[in-house]
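Report on one structure; see the data block that follows.
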Amino acid sequence: MIWLVALGVAFSNFKAIAYTATDAQTMVTSFNNAFYFTTNGNLGYFRNTTDGGTTWFWGRANQMEMLIDLYEQSSNTVYLTQFQQLYNGFVSDYGTDWIWNEFNDDIMWMVIACSRAYQYTANTTYRDVARSNFDSCYARAWSSDLGGGLWWKSPLNTSKNACVNGPAAIASYLIYQNYGDTNYLAKSETIYQWERATLVDTNTGRVYDSINISGTKDMTPITYNEGTFIGAANFLGYTNDAILAANYTKNSMGTGGQLPNYEEDSDLGGFNGIFIRWMVKFMNQRGLQSSYQLWLQQNANAAWNVRRSSDNLSWSKWWDQTPDDARFSFGCWGSVLIVNLVPPTQNPGGSVVFLNASDAANTSSFESGLNWAGGAAPLWTTHYVVAGSHTLRTPQDPAHHTFAGSSLTLSNGGVLAFKNTSGSRYVSIGTDLFLDGGEVANWAGNSALLGGKVTLQSGRREN
0 MIWLVALGVA
10 FSNFKAIAYT
20 ATDAQTMVTS
30 FNNAFYFTTN
40 GNLGYFRNTT
50 DGGTTWFWGR
60 ANQMEMLIDL
70 YEQSSNTVYL
80 TQFQQLYNGF
90 VSDYGTDWIW
100 NEFNDDIMWM
110 VIACSRAYQY
120 TANTTYRDVA
130 RSNFDSCYAR
140 AWSSDLGGGL
150 WWKSPLNTSK
160 NACVNGPAAI
170 ASYLIYQNYG
180 DTNYLAKSET
190 IYQWERATLV
200 DTNTGRVYDS
210 INISGTKDMT
220 PITYNEGTFI
230 GAANFLGYTN
240 DAILAANYTK
250 NSMGTGGQLP
260 NYEEDSDLGG
270 FNGIFIRWMV
280 KFMNQRGLQS
290 SYQLWLQQNA
300 NAAWNVRRSS
310 DNLSWSKWWD
320 QTPDDARFSF
330 GCWGSVLIVN
340 LVPPTQNPGG
350 SVVFLNASDA
360 ANTSSFESGL
370 NWAGGAAPLW
380 TTHYVVAGSH
390 TLRTPQDPAH
400 HTFAGSSLTL
410 SNGGVLAFKN
420 TSGSRYVSIG
430 TDLFLDGGEV
440 ANWAGNSALL
450 GGKVTLQSGR
460 REN
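Right under this line is the structure:
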C-alpha cells in the first residue's frame, strides 16, 4: 500500500480502479481456467487450490450455486451445462443421500443449489433430491430444545447455529416454491422466527453465531449469517428485518464500508460471497439500489483491483493484493460473484459534467446534484470535472462517503475539500481521481483516508 501525506489527508491506492462489464466476464473465465475441470467427459469439479485437489461438500455446493447466480444475471445456458457436470461430479463423490454428513448446514447448501437449479432447468432430479435430503436433515436436526431451531451437527447436537438455520429457512422456502406444498412454507416461517427470536438483535440487525445446549450465546457476527438472514427475510416478506441486517453489515462490519478481510484457506473464505448473493437479490427485488448499490460497488471495485496480473484471480481479502502463490478456489469465488452481480462503476465512453459553482458552507455536491450541471447526483455513467477554482466539498458529517461518478477530475484550481467532522473517515473516489492542476485539501482539521486511484497529469505539480 502506497501512502502520500498532503495537507493532513492520507492517500491510499486501495481498491480504486473501477471494472467494466467486460471485466466481469474476465473474472469468470479466469476462475474457470484456474479451477474447473472435467473427467470421464461429464464429471465436473472445482479444484481446491490452483495446485489441485477438489473442493469439499459445502464449498462445492456454494460454487455450484454461483453458476445459478451467473445464469440469472446473464441467461447464458453455458452455466447450466456446467452445473449439470458439477452435479454429476458431486454425486460421484457423495451420492444422492447426504445424511451421512454430520454437518446439517452442509446439506442445506446443496439443497439450496439444487432447488435453484431446478427453477431454471425444470430437471426434476434436482428438485427431488433437494426435497429428499431436506426432509432427512430436518427430521434429525429440528428439536424443541432451546425453543426450537435446528442443531448444527448431528448426532452431536450441542449447539444451534445461524449457519444452519438461515440456509434451512431459505431451503424450505425454495422447496415450497418448487412443489407448492405449504407445509414447507410453514417450516420456513417457523425456522426463521426461531432464528430471529433467538439469534438476532432486533434493535441493531446483528445476527449471532449460535446458542449452545446450556443456553449460552456466541454473539459473533459474520457476513455469512447476515446474508442468509437477509435472504430468508426477503423470501418471507420481512423487509424491515432484512434492511436492519443489511444496514448493520454496511455500517458496523468491516472498515469504511468495505466488507471484512476474511482468510481464504478456511470456511471464512466464502463468507462475503454468500452475503453478496443474498444482499444483491434483496436490493434488486425491493428496489433499494439508492441505499446499497454504491456501497456494493465500492466492494466490487476492491475485489477487482486486488486481482493478480498473472491470471486475474482475486482472493477474499479485498484490502490486500492477491499473492502469487497457490490460491484456494473457495477464497476466490466471492470476487467472481460480486463483480458479476453488482453493476459496474466504470463507463469509459460516458459524458462529462462540470461543477457550475462552488459548494457553499454547510453544503455538498459530493453525493447530490446541488451544483453539477444538469442538477443530477453523480452516477457511474458520467465523468465529473471540478475546475476554474470551484470547490467540491464532502458532506460535513462524521460518516464515510463514496463518490459515485465514473471519474472525478480536479483541474485548473479545482478543489476537493474534506469537511468530515470526525477523524479517520474514509472518502472513496470509487473509480479514478485525476489531479490536473487541482487540489485535495483538508478544510476540517480531522484526519481522513482517501481511497482511490490518483493520477497526476503529466507536467503538473500538485498540492
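Oh and the sequence shown: position 386 is 385 in numbering that gives the first Met the number 0, straight run, nothing missing.
C-beta: ideal position from N, C-alpha, C; glycine also.
In this text, all values refer to a predicted model and were calculated from it rather than measured experimentally.
Nearest residue (CA-CA) to residue i, options the options
i              : options                           : result
threonine 123  : Gln83, Ser446, Leu312 and Phe234  : Gln83
alanine 359    : Trp442, Ser187 and Thr48          : Trp442
cysteine 136   : Tyr117, Asp104, Thr157 and Ser114 : Asp104
threonine 219  : Asp264, Asn160, Gly349 and Thr189 : Asn160
aspartate 144  : Ile229, Tyr78, Pro394 and Asn156  : Asn156
valine 335     : Leu354, Val351, Thr321 and Trp314 : Trp314
isoleucine 242 : Leu149, Gln257 and Asn283         : Asn283
valine 163     : Phe102, Tyr117 and Leu184         : Phe102
alanine 20     : Ser29, Val341, Tyr86 and Asn182   : Val341
tryptophan 277 : Ala232, Cys113, Trp57 and Ser350  : Ala232
alanine 60     : Thr201, Thr28, Met107 and Glu188  : Met107
glycine 374    : Asp50, Thr362 and Val352          : Val352
asparagine 41  : Leu432, Val90 and Asp22           : Val90
alanine 121    : Ala185, Ser410 and Leu79          : Leu79
glutamine 62   : Ser410, Leu85, Leu449 and Gln288  : Leu85
isoleucine 111 : Ser171, Asp431 and Ser213         : Ser171
alanine 325    : Ala23, Asp50, Phe34 and Trp318    : Asp50
glycine 256    : Ser142, Leu293 and Tyr125         : Leu293
glycine 43     : Asn211, Gly148, Gln81 and Gly58   : Gln81
threonine 238  : Lys280, Phe417 and Gly88          : Lys280
alanine 168    : Ser142, Gly88 and Phe133          : Phe133
alanine 435    : Ala398, Leu312 and Ser388         : Inspection of the sequence shows that residue 435 is occupied by aspartate rather than by alanine. For aspartate 435, the nearest C-alpha among the options comes from Ser388.
methionine 109 : Leu369, Ile174 and Leu415         : Ile174
Span of the alpha helix (DSSP H), counted from its first residue to its last, around residue i
i                 : result
glutamate 438     : No alpha helix (DSSP H) holds glutamate 438; the beta strand (DSSP E) holding it covers 438-441.
phenylalanine 463 : Beyond the ends of the chain as shown, which are 0 and 462, falls residue 463; an answer cannot be given.
alanine 416       : Where alanine 416 is concerned, there is no enclosing alpha helix (DSSP H), although the beta strand (DSSP E) it sits in stretches over 414-417.
phenylalanine 36  : Element bounds for phenylalanine 36: not the alpha helix (DSSP H) but the beta strand (DSSP E), 35-38.
tyrosine 191      : 181-198
isoleucine 212    : Note, isoleucine 212: premise wrong, no alpha helix (DSSP H); not H, not E.
arginine 59       : 56-73
serine 334        : 332-340
tyrosine 125      : 123-140
serine 114        : 103-120
Rounded C-alpha distance that separates residue i from residue j
i              : j              : result
glycine 413    : leucine 391    : 8 Å
asparagine 445 : serine 421     : 6 Å
leucine 66     : leucine 198    : 30 Å
glutamate 194  : aspartate 310  : 41 Å
proline 377    : glutamate 71   : 28 Å
isoleucine 229 : aspartate 240  : 7 Å
tyrosine 18    : threonine 344  : 6 Å
serine 158     : asparagine 304 : 39 Å
asparagine 100 : leucine 448    : 47 Å
methionine 464 : arginine 307   : No information on residue 464 is available, as it lies outside the stretch 0 to 462 that the chain covers here.
lysine 316     : aspartate 217  : 24 Å
threonine 248  : asparagine 419 : 22 Å
serine 192     : threonine 362  : Checking the sequence shown, residue 192 turns out to be glutamine, not serine. About 44 Å.
Reduced DSSP secondary structure (H/G/I, E/B, other) of residue i
i                 : result
tyrosine 237      : coil
asparagine 160    : strand
phenylalanine 45  : strand
lysine 316        : coil
leucine 354       : strand
aspartate 435     : strand
glutamine 257     : strand
arginine 307      : coil
aspartate 396     : coil
tryptophan 150    : coil
glycine 444       : coil
tyrosine 18       : coil
aspartate 323     : coil
phenylalanine 13  : With a pLDDT of only 37 at phenylalanine 13, under 50, the local geometry of the prediction cannot be trusted, and the value read off the model is given with reservation. Of the three classes helix, strand and coil, the one that applies to phenylalanine 13 here is coil, per DSSP.
threonine 390     : strand
glycine 286       : coil
phenylalanine 365 : coil
glycine 268       : helix
leucine 449       : strand
glycine 230       : helix
threonine 248     : helix
CB-CB length for residue i against residue j, believed under 8 Å
i                 : j              : result
phenylalanine 365 : aspartate 264  : Their Cβ separation, rounded to whole angstroms, is 39 Å, which puts phenylalanine 365 and aspartate 264 out of contact at 8 Å.
phenylalanine 45  : threonine 38   : Contact flag wrong, Cβ pair sits at about 13 Å.
isoleucine 337    : isoleucine 275 : 5 Å
glycine 268       : glutamate 262  : 7 Å
serine 350        : threonine 381  : 5 Å
Residue i: first and last residue of the uninterrupted beta strand (DSSP E) it sits in
i             : result
serine 410    : 406-410
threonine 381 : 381-385
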